[in-house]
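In case it helps, mature numbering (1 follows the signal peptide of the UniProt record, and there is no 0) puts the sequence shown at residues -27 to -1, 1 to 544. Glycine included, each C-beta is placed from N, C-alpha and C at the ideal position. On a predicted model such as this, the values are computed, not experimentally measured, just so you know. One structure below.
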Amino acid sequence: MDASKFLSCFLLVWFLCMVCNNGIVKASHKVHPELQSMPAVEVKQLHRTGFHFQPPMHWINDPNGPMYYKGVYHLFYQYNPKGAVWGNIVWAHSVSKDMINWKPLDPAIYPSKPFDINGCWSGSATILPGEKPIILYTGIDPQNRQVQNQAVPANYSDPYLREWVKPDNNPIIVPVGGVNASAFRDPTTAWWSNGHWKFVVGSRRKHRGMAYLYRSRDFVHWVKAQHPLHSSANTGMWECPDFYPVSSSRKSGLETSVLGQNVKHVLKVSLDLTRYEYYTLGTYDPRSDRYVPDNTSADGWSGLRYDYGNFYASKTFFDAGKNRRILWGWANESDTPNNDTSKGWAGIQLIPRTVWLDTSGKQLLQWPIKELETLRGEKVHISNQQIKQGDHFEIRGITAAQADVDVTFRLSSLDTAEQFDPSWVNAQALCGQKGSTVQGGIGPFGLLTLASENLEEYTPVFFRVFKASEGHVVLMCSDARSSSLRRELYRPSFAGFVNVDLADGKLSLRSLIDHSVVESYGAGGKTCITSRVYPTLAVFQDAHLYAFNNGSETVTIENLNVWSMKSAQIS
């Protein structure tokens, strides 16, 4: 058996074990009729976020068709107006001037026609010439087929795009020619090349993930290409595909139709089987309409991810107002016990991130949008603070349950790093084995977030450095196993490897802490991990923040800034 087949088998076995032991895979489209119309419950919402997007109540999932139009940011998202579980899905709609503070509008799209009478599922927005937005989305027809539809604004002069109309030519695409009618969804933003508009729809053929390509000259009549844009064996259903260009020469974003020199393309897919995502970087040939990934990362389950934690169904858009590409992602509530709906809401949208190509050309970088900093309040600054083995240094003077932490650690020596075993290919498994309390040489060191006073509860975000045959390997973890005294909760240890040069002996970490979410960015956004956690003691004013080190090598906080965060206005 060659190495690639061995890795595929290993990942399959690992995945099945995770399913059996932890129940991590939740059916994305499972209906709970008994929970659909539960009345809202007045509870003290210990875990409701302050600056992450959430509607007042009920279930949300995929961010749909985010866009910038006439000076206004639009966020559409899958929403159940009747309950805190998946079902009755409509396209909810909120608008913003800064992507931080949001105003809700009436739903933009809801089941009303034969081509979407059983559901209005995910899709994307495209800005056509003349500043004319159009939405492509998946509808569920009376035969429960997944079909592709479009919707247009009733009034293009309205910057808030309050009302949307479904043209009579819908559905524009139906699943024919061997396409699986129950696995054919989530159209991408369209792009223009070689005299045609083009977009991709996610699907599968047996166990092969598929990105079917469609072309049109007029955005009305669509023809399926003879071959997919791309496919990959043994990856299962591809949900929420995203395809866009990135510049290899500058940090600014590119409009989705941009081609030419110094341009690479990103293909991201969400894996229905595993409930996480992966992306590849590669080359797109507009003449053949084929995408070929670079050989710098895996094209499968072990591939690169935007986020190695609780993150799914992401979508990007080009922000023409600030010339950047913005990434939205969803962190679901599927790990609450027994589909707990008592709090009246489920799911959050994560802080929008700017995304661009690393100078290596081998991965993407991400960072929270600059506008988030407008919520920063009281600040604490610490520098040149040594943390010796066993130290837990409390950072006081801020609201630890709602904070923005930005810290740079300095390593005085790499000589004591543990030896790295080349068989350690699964970062999450390695983090589970070598958690925050397991002594090492260099690390574990980092932050204890949402910690109770006596550390009965805490969510550690930390690094551990290993010595490899060539250089060093850095592991980053966000470990929820100690996050709550509610032992029935799913409390995973999420992790990813960080491709960083330690020549200067420095590692940076930024963590956005918001009551029930810890969203972390390692080494300037090279590795990102989001954890959903539900503490019982470390809440509100009883939450604490510590820096810690359980490695034998002393680590220095070279520079640390922490801000208490104000709540966003999300009405």
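With 16 other Cβ atoms within 10 Å as the buried cut-off, status of residue i
i	result
D114	buried
L480	buried
E492	buried
P201	buried
A456	One detail in the question is off: residue 456 reads as Ser in this sequence, not Ala. S456 is buried by the Cβ-count criterion.
Q412	exposed
E15	Since pLDDT at E15 reaches only 32, below the 50 mark, its modelled position is unreliable, and no value is offered.
C(-19)	At C(-19) the pLDDT is 45, less than 50, meaning the model places this residue with poor confidence; the figure from the coordinates comes in the next sentence. C(-19) comes out exposed.
E250	buried
F24	buried
V471	buried
A168	One detail in the question is off: residue 168 reads as Gly in this sequence, not Ala. So G168 counts as exposed.
F513	exposed
D377	buried
H238	buried
R460	exposed
K343	exposed
S544	exposed
residue 559	Past the edges of the chain, shown from -27 to 544, lies residue 559, and the structure says nothing about it.
Through-space distance from residue j to residue i, alpha-carbon basis
i	j	result
L246	W211	9 Å
C213	D394	35 Å
G294	T229	15 Å
E430	I82	42 Å
D379	F26	21 Å
L348	D71	12 Å
R383	S451	20 Å
K241	G151	24 Å
residue 545	I371	Residue 545 is absent from the structure shown; the chain starts at -27 and stops at 544.
N(-6)	A304	Per-residue confidence for N(-6) stands at a pLDDT of 38, beneath the threshold of 50, marking its modelled position as unreliable; no derived number is given.
S489	T432	10 Å
Y50	D79	12 Å
M112	P140	Position check: residue 112 holds Gly in this sequence, whereas Met was assumed. Looking at the two C-alpha atoms, the distance is approximately 13 Å.
T527	A198	59 Å
A271	G416	28 Å
H20	Q392	40 Å
A124	Q234	34 Å
N207	L186	20 Å
Q322	G226	22 Å
G56	G419	38 Å
Residue of the options minimising C-alpha distance to residue i
i	options	result
residue 556	N91, K105, F382	Since the first residue of the chain shown is -27 and the last is 544, residue 556 is not available in this structure.
V196	S442, N153, V147	V147
I62	N91, I107, Q18, F467	N91
P87	W301, G408, N143	N143
A511	A424, G302, K288	A424
L403	F467, I502, S130	F467
V174	G182, T162, R158	R158
R248	W274, G469, N268, V236	W274
I502	P218, D280, V149	D280
Any C-beta of chain B under 8 Å from that of residue i
i	result
L482	Although the question refers to chain B, the structure presented lacks it and comprises just one protein chain.
So within the stretch 397 to 470, which uninterrupted alpha helix (DSSP H) runs reach at least 4 residues, ignoring any that extend past its ends?
Within the stretch 397 to 470, the complete alpha helix (DSSP H) runs of at least 4 residues are 400 to 406.
Can you list, in chain order, the stretches of the beta strand (DSSP E) that have 3 or more residues and sit fully within the stretch 58 to 94?
If one requires a minimum length of 3 residues, the beta strand (DSSP E) runs lying completely within the stretch 58 to 94 are 63 to 69, 76 to 82, in chain order.
Inspect the CB distances between the stretch 463 to 478 and the stretch 247 to 262 and report whether three or more fall short of 8 Å.
Contact fails: fewer than three Cβ-Cβ distances are below 8 Å.
Does the stretch 532 to 541 come close enough to the stretch 430 to 442 to have 3 or more Cβ pairs within less than 8 Å?
The stretch 532 to 541 vs the stretch 430 to 442: no contact.
Touch check for the stretch 333 to 342 and the stretch 493 to 501: three-plus C-beta pairs under 8 Å?
Yes, they touch.
At least three beta-carbon pairs within less than 8 Å, the stretch 510 to 528 to the stretch 354 to 371
Taking one beta carbon from each stretch, the stretch 510 to 528 and the stretch 354 to 371 have 3 or more pairs nearer than 8 Å; the two touch.
Contact between the stretch 318 to 329 and the stretch 284 to 300: three or more CB pairs below 8 Å?
Inter-segment contact for the stretch 318 to 329 and the stretch 284 to 300 is present: three or more beta-carbon pairs are separated by less than 8 Å.
Ordered list of beta strand (DSSP E) runs contained in the stretch 261 to 305, each at least 3 residues
Listed in chain order, they are 263 to 266, 285 to 292, 297 to 304.
Contained beta strand (DSSP E) runs [length at least 3] in the stretch 13 to 55, N- to C-terminal order
Segments of the beta strand (DSSP E) lying fully in the stretch 13 to 55: 31 to 42, 45 to 52.
At which residue ranges does the stretch 147 to 175 contain complete beta strand (DSSP E) runs of 3 or more residues, listed in the order of the chain?
Within the stretch 147 to 175, the complete beta strand (DSSP E) runs of at least 3 residues fall at 164 to 166.
If you scan the stretch 473 to 536 from start to end, which runs of the beta strand (DSSP E) of 3 or more residues do you find wholly inside it?
DSSP runs (the beta strand (DSSP E)) wholly in the stretch 473 to 536: 479 to 487, 490 to 495, 500 to 505, 517 to 522.
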